[in-house]
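Notes follow the structure.
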Amino acid sequence: MGAGDRFRHWLGPGRGLEDSTREDMLERLRSGGVRDERVLEAMARVPREEFVTEGSETEAYADRALAIGYGQTISQPLMVAVLVQALAPTAGERVLDIGTGSGYQAAVIAACGAHVISVERLERLAVSARRRLERLGFDVEVVEADGSLGLPEQGPYDAIAVAASAPRVPEQLVAQLAEGGRLCIPVAAADCDRLIRVRRYGDQAMRDDLGPCRFVPLLGAGGFPEAS
Ligand code: SAH
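So the number in this note's numbering is just where the residue sits in the sequence shown, counting from 1, plus 2.
So this is what it looks like as structure tokens:
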């Protein structure tokens with residue numbers, strides 16, 4: 003069975019998408035430095051066209067962020083891949099995903115075999131993502147709340163993914179990491195955001211900078227103030 007046949011199953015007939023489109027995305031992820039086969043496999047399995055706004059399905063596999071309404075965006079595929087690769091979620095792990103949006107990133111993490119708890123502050127997005135993820139059969143629980151300080155009552159987590167940029171790394175999130183846990187969070191800097199990873203070993207928190215990125219702001223108690 004050729005790669006084209008493999009993807010035909012996911013795209014279905016008459017969608018107006020070329021079979022090669024998802025392969026193109028995977029090719030770009032590879033050349034963009036994504037090496038983790040589990041992440042590539044997960045991104046090959048999640049039908050991104052189901053997560054974009056009606057009318058932009060044909061752009062679903064382009065390497066850019068797309069509007070999903072309410073001033074929010076579904077992140078660029080390469081950004082999702084880099085973030086998920088840095089978190090390295092494995093089967094059976096518990097992962098907290100902050101900023102559900104369309105639910106795409108949560109689906110990719112779930113496709114790596116993890117159980118995902120995803121938090122979204124906007125009710126309309128939380129409701130539609132919950133329906134979509136259920137319909138597509140991903141192991142994601144969507145919670146409508148301010149997730150900027152995590153969800154301590156359901157912790158600790160093996161990994162925490164944040165899809166909106168914060169003024170700094172909230173200590174409360176680091177505190178919700180299990181031993182060996184990983185947190186990835188964009189932190190606002192002068193010209194653009196930096197993707198920061200924190201890994202927790204015992205009392206130690208090791209921090210590294212994974213490079214520049216651009217995200218919508220994280221609003222709320224651990225983020226930027228919400229407009230009144
Ligand atoms: N991961 C998403 C990208 C969403 S964009 C996807 O794959 O589609 C970031 C999202 O974070 C937006 O939906 C925004 O409403 C949400 N957000 C911002 N601040 C938040 C907070 N404090 N708690 C939960 N969600 C938040």
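Where a beta carbon is used, it is the ideal one built from N, C-alpha and C, also for glycine.
- When DSSP states are grouped into helix, strand and coil, Gln-74 belongs to the strand group.
- For Tyr-72, same chain residues with a beta-carbon under 8 Å away, outside a window of 5 residues either side, are Leu-124, Arg-126 and Leu-127 in chain order.
- A residue is called buried when at least 16 other Cβ atoms come within 10 angstroms of its Cβ; Arg-32 does not meet this threshold and is exposed.
- Secondary-structure assignment with DSSP links Leu-221 through a beta bridge to Phe-226.
- The DSSP-derived three-state label of Ala-191 is coil.
- Within a 10 Å sphere around the beta-carbon of Asp-193 sit fewer than 16 other beta-carbons, which makes this residue exposed.
- The ligand SAH never approaches Val-129 closely enough for any of its heavy atoms to be under 6 Å from the residue's Cβ.
- Taken from the Cβ of Glu-122, at least one heavy atom of the ligand SAH lies inside 6 Å.
- As DSSP reads the structure, Asp-211 sits in a beta bridge with Ile-198.
- By the neighbour-count criterion, in which a residue is buried when 16 or more other Cβ atoms sit within 10 angstroms of its Cβ, Asp-99 is buried.
- Inter-residue distance for Ala-109 and Gly-213 is about 24 Å (C-alpha atoms, whole angstroms).
- The C-beta distance from Arg-201 to Arg-184 rounds to 5 Å, short enough to fall under 8 Å.
- Classified as buried, Pro-188 has 16 or more neighbouring CB atoms from the shown chains inside 10 Å of its CB.
- Within the model, the alpha-carbon separation for Glu-61 versus Glu-29 is close to 16 Å.
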